[in-house]
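Engineer: Protein chains in written order, with this note's numbering: chain A, 1 to 319; chain B, 1001 to 1319.
#1: How would you list, in chain order, the residues of chain A whose beta-carbon sits under 7 Å from the beta-carbon of residue 1139/B?
#2: Which first and last residues belong to the beta strand (DSSP E) in which residue 1079/B is found?
#3: Can you name the residues of chain B whose CB is closer than 8 Å to the CB of residue 105/A?
#4: According to a CB-to-CB cut-off of less than 7 Å, which residues of the region 1054 to 1087 of chain B neighbour chain A?
#5: For residue 158/A, return the contacting residues in chain B, with the cut-off set at a CB-CB distance below 8 Å.
#6: Can you tell me whether DSSP reads residue 1006/B as helix, strand or coil?
#7: For the alpha helix (DSSP H) containing residue 219/A, name the first residue and the last one.
#8: For a contact meaning CB atoms closer than 8 Å, what does residue 236/A contact in chain B?
#9: I need the DSSP call for residue 269/A, collapsed to helix, strand or coil.
#10: Name the two residues that bound the continuous beta strand (DSSP E) containing residue 1172/B.
#11: Can you pull the chain B neighbours of residue 224/A, defined as C-beta to C-beta under 7 Å?
#12: So what's residue 1153/B in DSSP terms, helix, strand or just coil?
#13: Give the range of the beta strand (DSSP E) segment to which residue 124/A is assigned.
#14: Within the same chain, show all residues whose beta-carbon is closer than 8 Å to that of residue 1006/B, passing over the 5 residues directly before and after it, in chain order.
#15: In chain order, which continuous runs of the alpha helix (DSSP H) of length 4 or greater are located wholly inside the region 1278 to 1312 of chain B?
#16: Can you tell me which of the three DSSP states residue 1061/B falls into?
#17: With a threshold of 16 other CB atoms inside 10 Å of the CB of residue 307/A, please say whether the residue is buried or exposed.
#18: Any idea if residue 1063/B is buried or exposed, counting beta-carbon neighbours within 10 angstroms, 16 or more meaning buried?
#19: Let me see if you follow: with CB-CB separation under 8 Å, is residue 286/A close to chain B or not?
#20: For residue 1083/B, count the other beta carbons within 10 Å of its own beta carbon; 16 or more makes it buried, fewer makes it exposed. Which is it?
#21: For a quick check, are the C-beta atoms of residue 143/A and residue 158/A less than 8 Å apart?
#22: From which residue to which residue does the beta strand (DSSP E) around residue 1214/B run?
#23: Compile a chain-ordered list of the residues in the region 114 to 137 of chain A whose CB is closer than 7 Å to at least one CB of chain B.
#24: Kindly say whether residue 1269/B, judged by its beta-carbon, lies nearer than 8 Å to any beta-carbon of chain A.
#25: Which term fits residue 1220/B, buried or exposed, when burial requires 16 or more other beta carbons within 10 angstroms of its beta carbon?
#26: For the region 1191 to 1215 of chain B, enumerate the residues whose C-beta is nearer than 9 Å to any C-beta of chain A, in chain order.
#27: Where does residue 199/A sit, in a helix, a strand or coil, going by DSSP?
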């Protein structure tokens, strides 16, 4: 890869900021970060901002017909800016369309305008809806969407592939399971931890606790992204990211109880879904990414414990 | 189907106006039509406007956060409003996103607001991109998009399926091949006819003429839609519409020459695609729609001749 300068949208987010740090520490690339700081946190860029190869632009990518000068001279865009809360659905059905689909179109237009020819995109295993094949491979039967979040990410994938066809852009599209680890600030492990430090005697659990979940450690995630971009050379590369294991929410509760040395009363809200549109089971076939030589370093249990340790040492992220 | 009132968006378009007439003549439903008349033509509603069960609203569905009172009391929306020109890509990359994806979201929001629980949607065989399985079934391997038009229709399908999951909406999503017949006003048969009445001695053909094309007659299309809505009762019904045959552009040129009794010099622009992003071959497996009992009444050749006869008797549509 003949890369000198990359641009990372959502650079102050969970995955974005970890990717910034990983790229700065493993390459000699210049990194331009963009974030609107709606959910991203400047504290996550503490290390990066001390590096002279990193520059930061505070910019909202939702602006219509936006062409950003910072795309000039960029060799590859890592487009991670997105609405990250999968569950915020019934209040505002427009949020995923606005923050994912339209923002991705803006990013592609910036790339086209400034002649940027590579994009890395963070999609989601949610695009498989209620998958008929589990573990789900990238070329599973044409899925049906079950969430506005998944639908918006699918729309982004479609836009990227079409731009690739029309304008000669090379793309790496990653379909993630949920990610855990340092700077993780949403999702059920975070919610459970927050509840338990407030009241260690009681834990409210959405659904019945039997929802199966697959997780990947953030360090393994950013390493997989970089390995895949180096390894896969198709025009459009669609790659699942996850581990070969899964757990139940109830398993994770056990591990969390053990680690925090608490024994709360568990109150289940009932039903087999955490929320309407929640997919009971996203478990991805990861043969493709493993064919690059990549293997995850942490089990789900270890990545949950790593996450809890991080939250314990960084209580400010709970604010 | 317990239906009394339906609403048809894009009611003055090619498919929309034919559906309006078909519904008025085969049911006792009240039909509310919406069109912004950007490409729709009021002449196509000549018959409908004489029927007391038909009402027309001139309205652009692109307006943001639009809630339209006409959705009140509607039992089923037939959402056909769309950017119809698949080829208008390099000039404005935003048009499909704006006129298909965002408009479909607006329509779904109107439905949610007014408690409409059924939607029929005109998608496209273009969502299969360069299909790996031909004839392509509805559950083919997860496709890659090759056009902004297909990507936008896929985004619409995703939105509709997600709304179905979240808000209890029942959906019929039709993936069409190209449609021919009365009121057809774009596509290669139209272009060829227009060229040949201007100059019968010469015909300019995009590509090399070997592009394979599958077509369906508009009368068979609207009948298939109505039959399918009656027959298929899943929450989200995805249904291919096409015939069991295909032709080459060169075949169609022969039939057109025969029918018009002209013998032009054919000038090929070359290449195996009509335009960048054109799919050389959309040929759909139609076993599912045929399982409802529906069969097409016209061959491709007959539907091309029917189209030419219509254009000959209605030269005003060429203006």
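Just so you know, even glycine gets a beta-carbon here, dropped at the ideal spot from N, CA and C. Note that the structure is a prediction, hence the values are computed from the model and not measured.
Structural biologist: This is what the structure holds:
#1: For this step, residue 1139/B is matched to residue 139 along the second chain. Under the 7 Å cutoff, chain A gives 141, 142.
#2: Counting from 1 along the second chain, the entry for residue 1079/B is found at position 79. 1076 to 1079 is the extent of the beta strand (DSSP E) around residue 1079/B.
#3: Locating residue 105/A in the first chain gives position 105, where the first residue counts as 1. Neighbours of residue 105/A on chain B, chain order: 1093, 1094, 1097.
#4: Those would be none; no residue qualifies.
#5: Locating residue 158/A in the first chain gives position 158, where the first residue counts as 1. The contacting residues are 1145, 1150, 1151, 1152, 1154, 1155.
#6: Numbered from its first residue, the second chain carries residue 1006/B at position 6. The answer is strand: DSSP assigns residue 1006/B an E or B state.
#7: For this step, residue 219/A is matched to residue 219 along the first chain. First-last of the alpha helix (DSSP H) with residue 219/A: 218 to 231.
#8: Here the question's residue 236/A lines up with position 236 in the first chain. Going along chain B in sequence order, the residues near residue 236/A (Cβ under 8 Å) are 1144.
#9: Counting from one through the first chain, the residue named residue 269/A turns up at place 269. Coil, per DSSP.
#10: As a first step, residue 1172/B is located in the second chain; it is residue number 172 there, counting from the start. Element bounds for residue 1172/B: 1170 to 1176.
#11: Start at 1 with the first residue of the first chain, and residue 224/A comes out as number 224. Correct list: empty, because the minimum Cβ distance to chain B is about 20 Å.
#12: Position 153 of the second chain, counted from the start, is the residue given in the question as residue 1153/B. In the structure shown, residue 1153/B falls within a helical segment according to DSSP collapsed to helix, strand and coil.
#13: Counting from one through the first chain, the residue named residue 124/A turns up at place 124. From DSSP, the beta strand (DSSP E) with residue 124/A extends over 118 to 124.
#14: Position 6 of the second chain, counted from the start, is the residue given in the question as residue 1006/B. Counting only residues of its own chain and dropping the five nearest sequence neighbours on each side, residue 1006/B has a CB closer than 8 Å to the CB of 1023, 1029, 1030, 1031, 1032, 1074, 1075, 1076, 1077, 1078.
#15: Taken in chain order, the complete alpha helix (DSSP H) segments of 4 or more residues contained in the region 1278 to 1312 of chain B are 1287 to 1290.
#16: Taking the first residue of the second chain as position 1, residue 1061/B is located at position 61. Here residue 1061/B sits in coil by DSSP.
#17: Residue mapping note: residue 307/A aligns to position 307 of the first chain, counting from 1. Residue 307/A should be labelled buried.
#18: The sequence position of residue 1063/B within the second chain is 63, counting from 1. Counting Cβ neighbours within 10 Å, residue 1063/B comes out exposed, since fewer than 16 surround it.
#19: Translated into the one-based positions of the first chain, residue 286/A becomes position 286. Chain B, which has no Cβ nearer than 8 Å to the Cβ of residue 286/A, makes this no.
#20: The sequence position of residue 1083/B within the second chain is 83, counting from 1. Around the Cβ of residue 1083/B, a 10 Å sphere holds 16 or more other Cβ atoms; the residue is buried.
#21: Within the first chain, the letter at position 143 stands for residue 143/A. Within the first chain, the letter at position 158 stands for residue 158/A. A distance of 8 Å or more separates the beta carbons of residue 143/A and residue 158/A.
#22: Counted from its first residue, the second chain places residue 1214/B at position 214. Taken as a continuous stretch (DSSP letters only), residue 1214/B belongs to no beta strand (DSSP E), as it is neither H nor E.
#23: Per Cβ criterion, the list is empty.
#24: By one-based count along the second chain, residue 1269/B stands at place 269. Not a single CB atom of chain A sits nearer than 8 Å to the CB of residue 1269/B.
#25: Taking the second chain and counting its residues from 1, one reaches residue 1220/B at position 220. Per the 10 Å Cβ criterion, buried.
#26: Listed by position, the residues of the region 1191 to 1215 of chain B near chain A (Cβ gap below 9 Å) amount to none.
#27: By one-based count along the first chain, residue 199/A stands at place 199. In this structure, residue 199/A counts as coil in the three-state DSSP scheme.
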